[in-house]
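Worksheet for the structure shown next.
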Amino acid sequence: MAQKPEKWRELSEAELRLREKELMEQRFRLKFQMAAGQAESTTKLRNLRRDLARVKTVLRERELEKSHDRG
Numbered sequence: 084m085a086q087k088p089e090k091w092r093e094l095s096e097a098e099l100r101l102r103e104k105e106l107m108e109q110r111f112r113l114k115f116q117m118a119a120g121q122a123e124s125t126t127k128l129r130n131l132r133r134d135l136a137r138v139k140t141v142l143r144e145r146e147l148e149k150s151h152d153r154g
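Following my numbering, the numbering of the sequence shown begins with 84 at its first residue and continues without gaps.
What follows is the structure in structure tokens.
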């Protein structure tokens, strides 16, 4: 689902947390399938990892903004 960072930034924190959980579950299932020899596409795993990193980056940016505003 490789979206641009602007698209991720438009989502609310709750939506990002939900998306993070979904991506982690998908990654777990895909890694398990790959270990069992059922999955063939490593590209999907790479894209999941990258999307998860994007979500975590946006969440971290927001966390830092909040702490910066307080301090």
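Don't be surprised by glycine CBs; every beta carbon is placed ideally from N, CA and C.
Which listed residue (the options) has its alpha carbon closest to that of residue i
i, options, result
"Asn130", "Ser95, Met107 and Leu101", "Met107"
"Arg156", "Arg102, Glu98 and Ala97", "Nothing can be reported for residue 156, as the shown portion of the chain is limited to 84 through 154."
"Pro88", "Lys149, Ala119 and Glu144", "Glu144"
Euclidean distance between Cα positions of residue i and residue j
i, j, result
"Leu142", "Arg153", "17 Å"
"Gln116", "His151", "42 Å"
"Leu92", "Lys104", "Going by the sequence as given, residue 92 is Arg instead of Leu. Taking the straight line from one Cα to the other gives about 17 Å."
"Leu99", "Gly120", "31 Å"
"Phe111", "Ala97", "21 Å"
Where the alpha helix (DSSP H) through residue i begins and ends
i, result
"Ser150", "Thr125 to Arg153"
Assigned secondary structure, residue i (DSSP; H/G/I helix, E/B strand, else coil)
i, result
"Glu93", "coil"
"Gln52", "The first residue shown for the chain is 84 and the last is 154, placing residue 52 beyond what the model contains."
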